[in-house]
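Residue numbers (the numbering used here), protein chains in the order written: chain F, 7 to 143; chain H, 7 to 143.
A short worksheet on the structure shown next.
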DNA sequence: ATAGTTCGTGCAACCGAGTTGCAAACTTAC
DNA sequence: GTAAGTTTGCAACTCGGTTGCACGAACTAT
């Protein structure tokens, strides 16, 4: 729904351009996190730099979050509607060794480990690797 | 001590060449994990490819482990003497946002989260980011 | 010791992800 | 409509990682 897309953009104070609508559309349809190169392939005819800057804008406005899953490229996924990307909202990600997809485990919060004295927590990246339920079958 | 270096290599079934001794020496002196580009700089005159392959060899023989800390390059650190890099031996890593160093939190095991049905755990990468005790002072 | 094989090293080249500069196209405010 | 600001597209570049190839050292069997 085009309305919803624009809504989301407005909600996060992002000017809705054609490009941004398209990218957000794709992101919304994705069940797993997507990388810049993967996003590039979704459009037969879009510029890498533009997509790159679009993702950057989205991230700055906390519409999406990025995941370092060690696959060689950053992956991006939609944030929950009212996510502010605070440490408390961090969740675990899962990278399937077989299909290579990265899942957001939205129900699995990242535990905050007891750091040694003097170490200050500000954020975390927790990626679990293994076989996803889809590949397991 | 040259003896100890050779010992470690032998223990892991790695033929001790001059190059490997030097690299292991550097790795042993490091208190924090080191990346390939950083390692390159430690030697005024060594080939990237050779260092790359040396690290690869070390990793295959479980002398070192690699950490995806999201700094843009993989970092490497020595394993504990009898580490076999099993999930149970995984520990948390800490990336300082200020000095950029990556610490092995050897005493902080990576928790194994309750994955949804059908997802199979095989390994994990848990990087905490913040300010290290050294930069905090 | 010699010839043949394997293994390690160094150089060059390449790949792919990410990033930047710049100019053209488009928006917005006046 | 014009000026100022924003977004886009293209090209170029950086940098980490990786590979092919050839030379040389080390190891093996005769």
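C-beta: ideal position from N, C-alpha, C; glycine also.
- Residue 74/H has a beta carbon lying within less than 8 Å of a beta carbon in chain F.
- In the three-state DSSP reduction, residue 115/H falls in the strand class (E or B).
- In the structure shown, residue 108/F adopts extended strand secondary structure according to DSSP, grouped into three states.
- For the pair residue 96/F and residue 133/F, the CB atoms are not nearer than the 8 Å cut-off.
- In this structure residue 136/F touches residue 103/F by the C-beta definition: roughly 6 Å separates them, less than 8 Å.
- Under the 10 Å beta carbon count, residue 83/F is surrounded by 16 or more other beta carbons and is classified as buried.
- Bridge pairing for residue 133/F: 99/F, 131/H [DSSP].
- In the three-state reduction of the DSSP assignment, residue 80/F falls in the coil class, being assigned neither a helical nor a strand state.
- Under the DSSP definition of a beta bridge, residue 139/F lacks any partner.
- When Cβ-Cβ separations below 8 Å define contact, residue 114/F makes contact with chain H.
- Exclusion of the five residues before and after residue 111/F leaves 97, 98, 99, 100 as the residues of its chain whose Cβ lies within less than 7 Å of its Cβ.
- Taking a beta-carbon distance threshold of 8 Å, residue 92/F does not count as an interface residue toward chain H.
- Here residue 11/H carries a helix assignment [DSSP, helix/strand/coil].
- Counting along the chain, no beta strand (DSSP E) covers residue 67/F, and no H or E run does either.
- Annotation for residue 121/H: no alpha helix (DSSP H) segment contains it, and DSSP assigns it neither H nor E.
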